[in-house]
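Using the working numbering, you'd call the opening residue of the sequence shown number 767 and step up by one each time.
The C-beta atom is built at its ideal place from N, Cα and C for all residues, glycine as well.
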Amino acid sequence: MRSHKSTASGAKRTTKVRKKTTSGTKKATPPARAGDLESLVGKPTYRVWVDMLGRLAPDGRTHRVAVVVAAMLQYAAGVAYEKYGGEPEEGTLAASLFNAAEWGDPEEIAAELSGVLARLFDDAGVPYERTDHRGSDYSMVDSAISEYVHWHSMPWE
Numbered sequence: 767m768r769s770h771k772s773t774a775s776g777a778k779r780t781t782k783v784r785k786k787t788t789s790g791t792k793k794a795t796p797p798a799r800a801g802d803l804e805s806l807v808g809k810p811t812y813r814v815w816v817d818m819l820g821r822l823a824p825d826g827r828t829h830r831v832a833v834v835v836a837a838m839l840q841y842a843a844g845v846a847y848e849k850y851g852g853e854p855e856e857g858t859l860a861a862s863l864f865n866a867a868e869w870g871d872p873e874e875i876a877a878e879l880s881g882v883l884a885r886l887f888d889d890a891g892v893p894y895e896r897t898d899h900r901g902s903d904y905s906m907v908d909s910a911i912s913e914y915v916h917w918h919s920m921p922w923e
């Protein structure tokens with residue numbers, strides 16, 4: 767599985783997720799563990815993110831908060847690339863972050879990353895489920911995942 771991502775300098779990098787196999791058969795990809803974000807980016811960075819969300823999200827507009835959280839995931843993907851190169855082990859947060867760019871199924875991506883982001887919002891003391899002015903429920907976690915997946919999308923190009 768390969769993915770081409772642009773780096774800050776504009777250069778392309780290729781990632782490849784290693785498959786865990788048992789007896790030659792592929793295992794289903796388990797969701798990334800929620801505590802992995804803190805261990806991936808480090809406690810100081812994670813604490814800053816928790817503080818930011820705690821201050822910005824309660825009164826913030828979802829479409830703005832979602833971009834901030836998506837940027838956190840972009841940062842985490844960059845750290846993962848620096849730590850593991852282009853071949854993280856399947857089932858890890860690093861693999862989930864890399865795979866999100868390749869998968870077309872938003873439900874699959876949400877299943878992989880929603881626990882990680884729910885934990886981030888919970889640690890910040892911010893509810894991520896909201897209700898719009900029409901009474902419809904929605905999730906800031908889902909909005910952030912959508913922003914992350916479409917980070918490089920520019921429909922006008």
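- Residue Gly-857 holds the alpha-carbon nearest to the alpha-carbon of Asp-802 among Gly-857, Arg-827, Ile-875 and Ser-919.
- Beta bridge pairing from DSSP links Ser-905 with Glu-895.
- Classified as exposed, Tyr-904 has fewer than 16 neighbouring CB atoms from the shown chains inside 10 Å of its CB.
- In this structure, Ser-862 sits away from Ile-911, with a CB-CB distance that is not shorter than 8 Å.
- Looking from the CA of Ala-884, the closest CA among Ala-877, Met-920, Asp-825 and Tyr-894 belongs to Tyr-894.
- A direct Cα-Cα distance of roughly 7 Å separates Ala-837 from Tyr-914.
- Taking the Cα of Ile-875 as reference, the smallest distance to any Cα among Ser-909, Gly-852, Gly-844 and Met-920 is reached at Ser-909.
- Following the DSSP letters along the chain, one finds Arg-821 inside the alpha helix (DSSP H) bounded by residues 809-822.
- For Asp-825, the closest of Val-892, Ala-846 and Gly-901 by C-alpha to C-alpha distance is Val-892.
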